[in-house]
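Remarks on the structure that follows.
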Amino acid sequence: MFGKLLKYEFKAVGKWYLGLYAAAGLLSVIIGLWIQNIMSRASIEGISNYSNGYQFAQSVEAIFFVAIMVGLALIIAGLFLSTFFLIVNRFRKNVYGRQGYLTMTLPVTNHQIILSKLTAGFVWSCLSSIATVLCLFIITFIAVVPNTELSMGEVFLAINEAFKELTGLNFFIYYGFLLMISTVHSILLIYFAISLGQLFKDHRTLLAVVFYFGINFVEGILTSILLATSGTFSTLGNIYNGGTFDAYYIYSLILSILLASGYYFGTHYIMTKKLNLQ
């Protein structure tokens, strides 16, 4: 039954996201080819040799180029915004809205309901982040790499080596774990804020928003206090002097996991003991 819940979550919005991914990829290819063409023309013709008519053509071209860049930025922003509202609405409506009456009659546990929605939200969030990185990769690969002596593999290796020398950590492993933990943490915080908001009879959405920002504020203060009292700030301050980043990294991961666990079990408790459907 958990598999069916998960399949339903992906099927409900899959076409929308595939369309956005395809549009972002297409615009990235166009931008990459365009930049490559501009760089090739500049190297061959020389920027100082433009005539008045050519300058006008270039200005018109610039308008279209900027328009496409803005279009790509809007699509990427749309991916993240739509993912955020998807996470909010799918949980709020399916669990605490009118659809909750149907959801709660399914032969599944509250753990399965939370995990199915968490998994779907996690996948869509990660795909949005990966899509953004791929767009930048496509543009760089098409536009920059053909005009340099470096391959993309060498560029990535240089980035990783610089990051490892600075922090003592592997760049890709670090950001991979950071992406996973922070995404799960953020989604569970949303679920917990929505669950707290539904404890009240009126103004549930407004209260959920208040709880969300309130918890974020308290979490920020708590994080700062814990980092300061543990001496992690002093470790962090030594990074650029050749110090290690390991303590800060591990401490941040542990803190995020503990907070995410609290949000998860808090949400489960409210769904089990304090359920208040519309």
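According to UniProt numbering, the sequence shown holds residues 1 to 278 in order. Using N, Cα and C, we set each Cβ at its ideal position, and we do this for glycine too.
Close Cβ partners of residue i (< 7 Å) along its chain, the five nearest in sequence each way excluded
i    : result
F211 : A193, L196 and G197
I68  : L27, I30 and I31
S128 : L79, F80 and T83
H268 : N110, H111 and I114
G71  : L27
L33  : I142
F65  : W34
Y240 : Residue placement at Y240 is flagged as unreliable, the pLDDT there being 46, under the threshold of 50; the coordinate-derived value follows with that caveat. Around Y240: no qualifying Cβ.
K274 : L199
6 Å Cβ shell around residue i - same chain, five flanking residues per side excluded
i           : result
R92         : I194
L207        : G197 and F200
G266        : F192
T105        : none
L18         : none
residue 295 : Since the displayed the chain opens at 1 and closes at 278, residue 295 lies outside it and no answer follows.
Cut-off 8 Å between Cβ atoms - residues of its own chain near residue i, not counting five sequence neighbours on either side
i    : result
S261 : none
K201 : N276
M271 : V95, N110, I113, I114 and S195
I215 : L189, F192 and A193
N- and C-terminal bounds of the alpha helix (DSSP H) containing residue i
i    : result
Q112 : N110 to A143
L102 : G100 to T103
Contact test: residue i Cβ vs the ligand NAP heavy atom, cutoff 7 Å
i    : result
L258 : Questions concerning the ligand NAP fall outside what the structure shown contains, since it holds no ligand whatsoever.
Within 8 Å, strictly: CB atoms of residue i and residue j
i    : j    : result
T103 : N89  : no
I87  : A24  : no
A22  : L79  : no
E219 : L259 : yes
Y191 : Y101 : no
A158 : Q36  : no
H185 : S256 : yes
Q) Are there three or more Cβ pairs, one per stretch, closer than 8 Å when the region 73 to 83 is compared with the region 118 to 132? A) yes
Q) Would you call the region 250 to 260 and the region 174 to 184 touching, i.e. three or more CB-CB distances under 8 Å? A) yes
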